[in-house]
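Asks:
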Amino acid sequence: MSRTRTPRRLGRDGFFQAPESIRWGLGIWGLGFAIMIAADGHLGFRDFTGILVAASCLASLRLTTLQTLVFNIAGLLSFNWLFVPPRYTLDIHHKQDVALVLMVFASGALISLLTSRLRELLQAERHVADETEDQLQLSEQLLSQHTPQDKFKVLEQWAAEQGIAPLHGLISPHWPYRPALHAHTAVVINKPNKTALRGLIASCNEISEQGPLTGRHESSSLLYLPLKSGGRAWGSVAYAAPQGLTLNQQLKQMGQLKRWCAVLANDLERWYTQNALDRVQQEHRSQQLRSTLLAAIAHDFRTPLATLLTTVGQLRNRQQPLPVADAQHLAVTLSDEIHHLQKMSENTLQLARLEASSPPIPMQWESLQEICGTVAQQFRKAYPARTLQVTLPAEPLLMECNAVLLAQALDNLLDNAANYSGADQPVELQLAVEGDQRVLRVLDRGPGIPDAIKPRVFDLFARGADLGLPEDVSRHRTGFGLGLALCKAVADAHHSTLRISNRDGGGSIFVWRLPSPTHAPDGLPE
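Structural data, given as structure tokens:
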């Protein structure tokens with residue numbers, strides 16, 4: 014959650030910094046002298062020394078060290094002029110009066126200076142805490158942005174609150190860092206002119222501050238600050254040299270912007286590093302997937318291919334015509350093995366595509382009822398002897414999805430239910446609306462899944478025997494463990510969840526929860 018930030022402007026320097034503190038000092042010292050004047054004639058000047066010390070201490074609570082010293086000297090001279098004999102002169106006739114005045118001045122000045130210094134240290138600590146809080150808030154805002162341009166806009170907004178505008182920028186698009194940055198390769202922000210662009214490039218490549226107050230190119234009208242982090246520069250920033258500020262204020266402003274630039278540089282380094290790490294991990298996953306798929310294909314495609322070759326060889330070498338029953342049996346065998354190969358190929362290609370995540374999966378508005386109907390029709394055609402019970406709501410349910418992937422995942426879930434349940438047991442497909450979700454369920458009456466195995470059911474190449482299922486269950490497996498892995502990948506691609514649980518009375522339930530769309534087009538898709 015972002016927090017409200019109060020911009021802090023630079024104040025005045027020297028004695029006249031914080032005019033309200035000067036008014037406070039005048040008020041306290043004025044009150045002290047008013048009391049002494051009112052009591053004059055009733056008390057001697059020695060009795061007024063306590064009031065003098067009290068006024069000095071109270072005034073120092075809000076005065077700077079320099080202001081405290083000036084007020085103490087002025088107060089002592091005024092006290093000597095008004096109350097120490099001879100009055101209305103700065104002379105002191107008695108030595109003991111000189112010692113008394115000096116002692117009062119020294120004690121009052123010491124106490125007030127220590128008090129003032131302590132207050133300044135507390136203010137400095139508070140200032141450091143405020144700066145740390147500022148940097149934390151800036152870092153949080155930068156973290157919420159996803160491109161270098163958007164991150165720079167956050168820095169630009171912060172600078173504008175301090176009256177620094179316009180702000181030009183240059184960000185390196187490379188990782189790892191390349192020492193020589195050029196205009197045609199960098200991300201240029203706010204269209205700086207040629208001179209400013211050359212300054213930005215030089216500041217980034219040389220990792221140095223340039224412009225007024227930096228000792229380099231002092232005649233420049235712009236100040237250039239590198240976005241430096243970890244000994245390398247991720248870009249640079251340029252802004253107009255401030256006008257109408259004292260030297261101290263200009264240095265404070267530059268220091269503040271430098272700290273913000275350091276926060277941006279750290280965030281850019283994190284962003285580039287994370288992107289590079291994501292690319293490496295993605296490439297590693299893709300390479301690992303390709304190697305594993307190739308190994309699995311080489312191993313598990315052998316069985317259906319061997320069956321096809323054997324069947325074709327029998328037909329080719331046979332001298333006599335086949336009986337009708339034998340021919341039909343061979344035709345069914347050929348059809349089943351070809352269908353099996355086709356399904357494994359489709360699962361392999363789709364899983365590889367989802368793992369690579371490039372290009373993005375196209376999504377369109379589709380009717381979930383139509384997808385379920387298509388999948389049910391394919392199931393009944395593939396398993397004519399099996400019973401499939403389909404439950405769909407009457408109200409059309411639209412979903413922005415990839416219909417091909419959704420149908421393929423549902424087809425795999427139904428295949429899994431058919432393979433791991435008895436031939437006389439029905440398979441169920443249900444679609445319902447529950448709260449803000451569209452829920453698909455596939456139910457069977459198989460043996461169920463032990464709790465210890467459930468976390469591994471959706472792993473790549475996980476099959477019944479590999480998961481430790483009983484032999485009478487795992488013997489029905491087909492393929493090489495891609496079906497449920499593909500289902501999980503499709504669910505993740507649709508920002509949904511897929512879970513498995515055991516069914517009362519025996520069997521398994523696959524529950525697929527899809528988020529309801531925030532808006533939908535009028536009518537059903539064509």
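When you read off a place in the sequence shown, starting at 1, and then add 13, the result is the number in the numbering used here.
Yeah, the Cβ is synthetic: ideal placement off N, Cα and C, and Gly gets one too.
#1: Mapping DSSP to helix, strand and coil, what is L183?
#2: Can you check which of these residues, F46, I124, L127 and P99, is closest to A87 by C-alpha distance?
#3: Report the rounded CA-to-CA distance for N203 versus S157, giving the unit in angstroms.
#4: Measuring only the C-alpha atoms, how far is P20 from D143?
#5: Does any C-beta atom of chain B lie closer than 8 Å to the C-beta of D437?
#6: Leaving out the 5 sequence neighbours to the left and right, which residues in its chain are closer than 6 Å to L89 when beta-carbon positions are compared?
#7: Name the two residues that bound the continuous beta strand (DSSP E) containing Q443.
#8: How many angstroms separate the CA atom of T145 from the CA atom of S152?
#9: Whose C-beta lies closer than 6 Å to the C-beta of L180 among residues of the same chain, with five residues either side of it excluded?
#10: So M376 is in the alpha helix (DSSP H); what residue range does that whole segment cover?
#11: Count the other CB atoms, across all protein chains shown, that sit within 10 Å of the CB of Y101; report buried if there are 16 or more and exposed otherwise.
#12: Three or more beta-carbon pairs under 8 Å between the segment 218-237 and the segment 246-261, yes or no?
#13: How would you label E379, buried or exposed, when you count the other beta carbons within 10 angstroms and need 16 or more for buried?
#14: Can you say whether Q421 is buried or exposed, counting buried as having 16 or more other CB atoms within 10 angstroms of its CB?
#15: Would V524 and S514 qualify as a contact pair, given that the criterion is a beta-carbon distance under 8 Å?
#16: Starting from E413, trace the beta strand (DSSP E) both ways and give me its first and last residue.
#17: Can you tell which of C414, L44, L213 and L240 has the C-alpha that lies nearest to the C-alpha of V503?
#18: Taking the alpha carbon of S348 as the reference point, which residue from V325, Q438, R331 and L335 has its own alpha carbon closest?
#19: From T208, D457 and L183, pick the residue whose C-alpha is nearest to that of D437; which is it?
#20: Please tell me whether M412 and L527 are closer than 8 Å, where the distance is taken between their beta carbons.
#21: When you compare only the Cα positions, how much space is there between A137 and R130?
#22: A465 lies in the beta strand (DSSP E); which residues open and close that run?
#23: When you compare the CB positions of D280 and L183, do they come within less than 8 Å of one another, or not?
#24: Return yes when the Cβ of A72 is within less than 8 Å of the Cβ of I50, no when it is not.
#25: Would you list the one or two residues that DSSP bridges to W525?
#26: Pick helix, strand or coil for D60, following the three-state DSSP scheme.
#27: According to DSSP, what are the bridge partners of I202?
#28: Are V470 and I462 close, meaning C-beta to C-beta below 8 Å?
#29: Hey, out of E350, L264 and L343, whose CA is closest to P317's CA?
Replies: Answer, in terms of the structure:
#1: strand
#2: F46
#3: 21 Å
#4: Low per-residue confidence applies at P20: pLDDT is 48, beneath 50, and the placement is therefore not dependable, though the value from the model is reported in the following sentence. So the alpha carbons of these two residues sit roughly 10 Å apart.
#5: The structure shown contains no chain B; it holds only a single protein chain.
#6: F118
#7: Q443 -> beta strand (DSSP E) spans V440 to E447.
#8: 10 Å
#9: E169, A172 and Y252
#10: Careful: M376 lies outside any alpha helix (DSSP H) and carries neither H nor E.
#11: The residue is exposed, with fewer than 16 neighbouring Cβ atoms inside 10 Å.
#12: Flag = yes, the segment 218-237 and the segment 246-261 touch.
#13: buried
#14: buried
#15: yes
#16: L411 to C414
#17: C414
#18: V325
#19: Of the candidates T208, D457 and L183, the residue whose Cα lies closest to the Cα of D437 is D457.
#20: yes
#21: Distance from the CA of A137 to the CA of R130, rounded to the nearest whole angstrom, comes to 10 Å.
#22: From DSSP, A465 is part of no beta strand (DSSP E); its letter is neither H nor E.
#23: no
#24: no
#25: L453 and L511
#26: helix
#27: G182
#28: Annotated as proximal: V470 and I462, with beta-carbon spacing under 8 Å.
#29: E350
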